[in-house]
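Since the structure comes first, as structure tokens, the remarks are kept for the end.
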Amino acid sequence: MPELPEVEVVRRGLAEHVVGRHISDVQLSGHRVARRHLAGPEDLAARLRDSDVLDARRRGKYLWLVLAGPAADRSALLLHLGMSGQLLVQPQDAADEKHLHARIRFSDNGPELRFVDQRTFGGMALADLDDAGIPEPIRHIAPDPFDPAYDLEAVVGRLRARQSELKRALLDQTVVSGIGNIYADEALWRAQVHGGRIAASLSRPMLRRVLGHAREVMAEALGQGGTSFDALYVNVNGASGYFDRSLAAYGQEGRPCPRCGAPIRREAFMGRSSFSCPRCQPRPRPRG
DNA sequence: CTTTTCTCCTGTATGC
DNA sequence: TGCATACAGGAGAAAA
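Heads up: take any position in the first sequence, counting from 1, add 545, and you land on my numbering.
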């Protein structure tokens, strides 16, 4: 559930605490954390050793550390937090976390970087960078609304071509990246449109409005350190953001809509939940 | 090709 | 108290 703002909080922590350091040792526990590194965890650890960390970058919910070293010149350690992944900067003598999957140590013997993940949907892999500096395995991920490569009209065009529900399309990272369940619900609430509307049936101005609100709400969340519900979503120092206090719809079932006072409703969606205002966001007529 | 469904996990909350 | 079940859900693979 870490979405763009939460991942960006982590990226900033990596930029501050990890960029500029030299990797001296990598320990991976189990195969799962490196399952997308096809050559296996031992290969990944060996290739990371003796690399310099040049930069910490992000697209959507993906993070990567740009590396220089014996392994490759234009390579990167690609990271995804999944639902419950955490990247923590910890003193070397701090006790191991229960769900510690990876430990990266540096030649300065300073604090180490740890990948901790309870639900293990997250992971890491070594990736080559393309000419634009994007890791090859995520070239299908669209630019997020804060990326210089983001093209609003192109996204509107893709949404206009979608014969699926708007919320589904907003969550599709090949259309626009960074948006997850929380910020999709908040953007739809702000735009006063129900996520069950067919994307292609909406006007261009309406789609621009939804995307504008998505960008806006994520920017506000980032300004507050992100959203946290259960202490799983933390920065590299283990601290939570507090945007959850500002949520209007997500997780607010039964509470009054901040705009009109009607109780926020919860609906099943893709085996999960969607939250919306029954008055401000009327349900579309069933298809047929 | 587009769109939907399934699957991977474990901790927490709830109901009987 | 204990056991079963629902739920949280990102994204890739597989199916439709």
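Here a beta-carbon is modelled for each residue, glycine too, at the ideal position from N, C-alpha and C.
Note that the structure is predicted; figures quoted are calculated from it, not measured.
Taking only the alpha-carbon atoms, compute the straight-line gap between residue i and residue j and give it to the nearest angstrom.
i, j, result
"G768", "R760", "12 Å"
"R580", "G668", "7 Å"
"G585", "G796", "39 Å"
"L747", "Q631", "38 Å"
"H576", "T665", "11 Å"
"M751", "T719", "20 Å"
"P680", "R800", "42 Å"
"L704", "L716", "11 Å"
"A776", "E642", "Residue placement at A776 cannot be trusted, given a pLDDT of 49 that sits under 50; the coordinates are not used to answer."
"L792", "A694", "28 Å"
"R604", "S722", "7 Å"
"V571", "E551", "25 Å"
"A645", "N780", "It should be pointed out that residue 645 corresponds to Leu in this sequence rather than to Ala. Roughly 16 Å between the two C-alpha positions."
"H582", "L671", "6 Å"
"E698", "L711", "16 Å"
"P808", "A766", "23 Å"
"R504", "V564", "Since the first residue of the chain shown is 546 and the last is 833, residue 504 is not available in this structure."
"R713", "D618", "38 Å"
"A677", "A560", "20 Å"
If contacts are defined as beta-carbon pairs under 8 Å, then residue i and residue j qualify, I think. What distance do you get, rounded to the angstrom?
i, j, result
"F820", "E798", "6 Å"
"G614", "D595", "5 Å"
"L633", "V661", "6 Å"
"R556", "L608", "6 Å"
"G757", "P829", "Not quite, the Cβ-Cβ distance comes to about 21 Å (not below 8 Å), so this is no contact."
"C802", "R817", "Rounded, the Cβ-Cβ distance is 21 Å, inconsistent with contact."
"G725", "V554", "Not really, about 14 Å apart at Cβ, beyond 8 Å."
Around the C-beta of residue i, are 16 or more other C-beta atoms found within 10 angstroms, so that it is buried, or is it exposed?
i, result
"G558", "buried"
"Y787", "exposed"
"E548", "buried"
"G833", "Since pLDDT at G833 reaches only 47, below the 50 mark, its modelled position is unreliable, and no value is offered."
"C805", "exposed"
"D696", "exposed"
"R602", "buried"
Would you give the residue range spanned by the alpha helix (DSSP H) that residue i belongs to?
i, result
"D730", "726-736"
"L756", "749-768"
"A714", "711-716"
"L559", "549-562"
"G702", "697-705"
Whose CA, out of the options, lies closest to the CA of residue i?
i, options, result
"I683", "A621, P829, P808", "A621"
"D597", "I686, S652, L589, R735", "S652"
"F691", "Q663, M763, A807, A732", "M763"
"I743", "S709, E731, V554, R713", "S709"
"L658", "Q637, H644, G741", "Q637"
"R754", "G655, V578, Q635, E731", "E731"
"P831", "G770, D789, A807, H739", "H739"
"V611", "L733, G655, I568, E812", "I568"
Could you spell out where the beta strand (DSSP E) holding residue i opens and where it closes?
i, result
"R810", "810-814"
"R824", "No beta strand (DSSP E) holds R824; DSSP gives it neither H nor E."
"L623", "620-625"
"A601", "597-604"
"D588", "Where D588 is concerned, there is no enclosing beta strand (DSSP E), although the alpha helix (DSSP H) it sits in stretches over 586-593."
"S569", "568-573"
"A630", "The sequence shown places Gly at residue 630, rather than the Ala named in the question. Here the beta strand (DSSP E) through G630 covers 630-635."
"L645", "645-651"
"E657", "657-662"
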